[in-house]
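Notes for the one structure printed next.
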Amino acid sequence: MASSDVYGPSSPLRETVSYQSVLHGIVYRLRMDPEANLPVNLANALNEYINTAARTAWDHYPWPDLRVIVEADTDDFTIPGDILAIYAKDPTLVNTTSQVEIGFRDVGAGIVLAKTYDKVWVEYRRPFLRYEGATWAAGSYTQNTKVYYAVDGNYYIALENTSAVPGASTDWGQIPFPAVIAEYTKAAATAEALRELGRYEQAELQKRDAAAMLNNKVDKLEGQSGQTRTYSAILPART
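Taking my numbering, the leading residue of the sequence shown gets 36, the next gets one more, and so forth.
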């Protein structure tokens, strides 16, 4: 039996890569052996760089693969991610180019709609889940514990108390790594690692490559939909 989708059975990501493939891509860029055991301090640093870069890309643009549409009761707006749009009709069944979005304001304690509706359809961004946790070993785990499963190179989160094996039980949910942000993450995390090593010129090249990769992804998506780019990637400045 396979693991559960951490975002729910109705909203699996369409294309993913393993966390291990991202890590190996960074190690390769650092001119190291991806198959060698990394020193603990380096592995921890790279993990932090990966999480920072992945979160930056995740929030940078409303990637189609990270968007979810759910029907919601207006009396209970329990949405697990950033709301991108709200519709009066199911946008998956009608022409979204002609459907007018419902105006709304996020007031912190809840969502205020421009008009009163019994139900609406909410489009939101999947929440970012950090890639973190100890390497899995046989034993008992409490709900919400995260582990790294070396067999398939992915992180998992326990959806309930369990002693089952990740990847083979619905007790675990895989924390997927979206393919759309993978190459940017590799380049951006490599830039941070090179900077820490004092290889500033190489770090700057990787930083520029990372921004170009992200902008190219956006250009491709907006070109397919006939839009003009409204997003531009710039890596956060380090001091």
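Even for Gly, the Cβ is constructed at its ideal location relative to N, Cα and C.
message: Following a CB-centred definition, is Ala226 positioned closer than 8 Å to any heavy atom of the ligand GDP?
response: Although the ligand GDP was asked about, the structure shown includes no ligands whatsoever.
C-alpha distance - Tyr122 paired with Tyr96, whole-angstrom precision: In this structure, the alpha-carbon of Tyr122 lies about 20 Å from that of Tyr96.
message: On the criterion of 16 or more Cβ atoms from any shown chain inside 10 Å, does Glu218 qualify as buried, or is it exposed?
response: It is buried - the Cβ of Glu218 has at least 16 other Cβ atoms within 10 Å.
- prompt: Ala120 bridges to which residues according to DSSP?
  reply: Note: Ala120 sits in a beta bridge opposite Glu158.
field: alpha helix (DSSP H) runs contained entirely in the region 222-253, provided each spans 4 or more residues
entry: None, since the region 222-253 contains no complete alpha helix (DSSP H) of that length.
- prompt: Considering only residues of the same chain and omitting the five flanking positions on each side of Asp206, which have a CB-CB separation below 7 Å?
  reply: For Asp206, where only same-chain residues beyond five positions count, the Cβ hits under 7 Å are Ala193, Leu194, Glu195, Thr197, Ala199.
field: Candidates Gly174, Pro162, Glu231, of which the one nearest Asn76 by Cα
entry: For the set Gly174, Pro162, Glu231, the Cα lying nearest the Cα of Asn76 is the one of Glu231.
Buried or exposed by the 16-neighbour rule on C-beta atoms within 10 Å, applied to Glu106: Burial check for Glu106: the Cβ neighbour count within 10 Å stays below 16, so the residue is exposed.
message: With the cut-off set at 9 Å, would you say Leu48 and Leu101 are in Cβ contact?
response: One thing to note: Leu48 has its Cβ within 9 Å of the Cβ of Leu101.
query: Can you name, in chain order, every residue of its own chain whose Cβ lies under 6 Å from the Cβ of Trp98, other than the five neighbours on each side?
result: Same-chain partners within the cutoff: Val215.
task: Taking Arg64 as part of the alpha helix (DSSP H), name the residues at either end of that continuous run.
output: Segment 54-64, the alpha helix (DSSP H) holding Arg64.
- request: Locate the beta strand (DSSP E) running through Ile146, then write down its first and last residues.
  value: For Ile146, the uninterrupted beta strand (DSSP E) run begins and ends at 146-148, by DSSP.
- prompt: Exposed or buried, which one is Pro213 when buried takes at least 16 other CB atoms within 10 Å?
  reply: Here Pro213 is buried. Its C-beta has 16 or more other C-beta atoms within 10 Å.
field: Distance, Asp153 Cα to His29 Cα
entry: Since the first and last residues shown for the chain are 36 and 274, residue 29 lies out of range.
- request: Out of Gly208, Ala238, Asp244, point me to the one whose CA is closest to Thr180's CA.
  value: The shortest Cα separation from Thr180 among Gly208, Ala238, Asp244 belongs to Gly208.
- prompt: Where DSSP assigns a beta bridge to Glu106, which residues make up the other side?
  reply: In DSSP, Glu106 forms a bridge with Trp156.
message: Buried or exposed, going by whether 16 or more other CB atoms sit within 10 Å of the CB of Leu65?
response: With 16 or more other Cβ atoms inside 10 Å of its own Cβ, Leu65 counts as buried.
- prompt: Whose C-alpha, out of Tyr159, Tyr191, Glu158, Arg161, is nearest the C-alpha of Trp171?
  reply: Taking each of Tyr159, Tyr191, Glu158, Arg161 in turn and checking the Cα distance to Trp171, the smallest one comes out for Tyr191.
query: Alpha carbon to alpha carbon, how far is Arg264 from Ala88?
result: Here Arg264 scores only 48 on pLDDT, less than 50, and its place in the model should not be relied on; the value that follows carries that caveat. So the alpha carbons of these two residues sit roughly 21 Å apart.
field: Selection from Glu136, Pro211, Leu229 that minimises the alpha carbon distance to Glu167
entry: Nearest option by C-alpha distance: Pro211.
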